[in-house]
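>
Residue numbers (this note's numbering): 4 to 377.
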């Protein structure tokens, strides 16, 4: 991994005031354990604007136009650092690690050694635990107006995970199209498991009070198979066909068309909360994973990833709390496409491996591309 430049005082050299989101820099500036948090505004020449903070690398707003050229924030978020730190949805549009999604009973064995993780989701470990990457202050350097690089060192034993993990992540806005590219790299000094993802909660209609549900969103997912779950949302180990089930998004369907069907998997998830096994050109290739269209605004989002899976989550457990600029987020007011390894991979030997060894490098690229259909 290349040498990393750390800026100890977090000097933000790009302007943040007067941004499209209406966020205030002072609401995100704090000293936490001798590390400074801040607000960063990324822009491209097409007018797209993304607001982020180095606390959890949270995406605070994504401002993109609709079919009439009207800009709106299409990601659910909190409007202050205090809300981000203490709000009811701790993973809201943050970076997730060391292991995104669930690990059964918070335990796995790696090369004969059992590791016990913090339990924070029923009997399981979820998204790296309560003080995972979403709840850490990352070092940050804004390289250009549309590019920011984050770094974090996850200590050996943090939340029970083995090895000192050095992580580098970059958010980059494309200049010629409205797309945010997320690039991850990581190395370790001890065998460990790594599954990083962005947990963006998207609503292409734009956030509001109340934010509308995503049930009219038209979704396509490039996957012939998915990983069925049990009653506590752990994969059973089966790789099941989507064909003939409400899980089939190989052709376009609205989210709400089948979400309330009396289908056991949808009952377990209270809606869609499942990992899709993506059809890949080859292992690690950057392919189109999913497309989402919001018919009223005309906005379209395409998701590309090098990962083997994408978790579709339809905000089933959102409870109506308040976020940025007074927006409120009731149940099913967001859709998530979390590019990742499969859930509970460390306990499923036949799933594609999430193990990272010393001397190797974890790499991942995920792209969220926005456009309009007129």
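Even glycine gets a Cβ: it sits at the ideal position worked out from N, Cα and C.
1) Name, in chain order, the residues that DSSP records as bridge partners for residue 58.
2) Quick check on the DSSP output: the beta strand (DSSP E) that includes residue 343 runs from which residue to which?
3) Locate the beta strand (DSSP E) running through residue 84, then write down its first and last residues.
4) Among residues of its own chain, excluding the 5 on either side of residue 137, which ones have a beta-carbon nearer than 7 Å to its beta-carbon?
5) Would you please state the rounded distance, in angstroms, between the beta carbons of residue 196 and residue 102? I believe it to be under 8 Å.
6) Which one of 133, 109, 24 and 354 has the shortest CA to CA distance from residue 229?
7) For residue 63, count the other beta carbons within 10 Å of its own beta carbon; 16 or more makes it buried, fewer makes it exposed. Which is it?
8) Which residue wins for smallest C-alpha separation from residue 321, given the options 335, 71, 67 and 154?
9) For residue 247, report the span of its alpha helix (DSSP H) as first-last.
10) Cβ of residue 327 within 8 Å of Cβ of residue 210?
11) Buried or exposed, going by whether 16 or more other CB atoms sit within 10 Å of the CB of residue 114?
12) Should residue 139 be counted as a contact of the ligand SAM given a C-beta to heavy atom distance under 7 Å?
13) Give every residue of the same chain whose Cβ lies closer than 6 Å to the Cβ of residue 54, excluding the five residues on either side of it in the sequence, and list them in chain order.
14) Distance check for residue 364 and residue 5, CA to CA, integer angstroms please.
15) Using a Cβ-Cβ cutoff of less than 7 Å, which residues in the same chain neighbour residue 192 once the five nearest sequence positions on both sides are dropped?
16) Under the rule that 16 or more other beta-carbon atoms within 10 Å means buried, what is residue 128, buried or exposed?
Looking at the atomic coordinates:
1) 140
2) 339-343
3) Counting along the chain, residue 84 falls outside any beta strand (DSSP E), though it belongs to the alpha helix (DSSP H) covering 84-89.
4) 59, 93, 94, 97, 98, 99 and 130
5) 6 Å
6) 354
7) buried
8) 335
9) First-last for residue 247: undefined, no H or E at that position.
10) yes
11) exposed
12) The ligand SAM is absent from the structure shown, which contains no ligand whatsoever.
13) 24, 26, 44, 63 and 64
14) At residue 5, the pLDDT of 42 sits below 50, so the modelled position is not reliable; the number obtained from the coordinates is stated separately. Rounded to whole angstroms, residue 5 to residue 364 spans 11 Å at the Cα level.
15) 166, 167 and 361
16) buried
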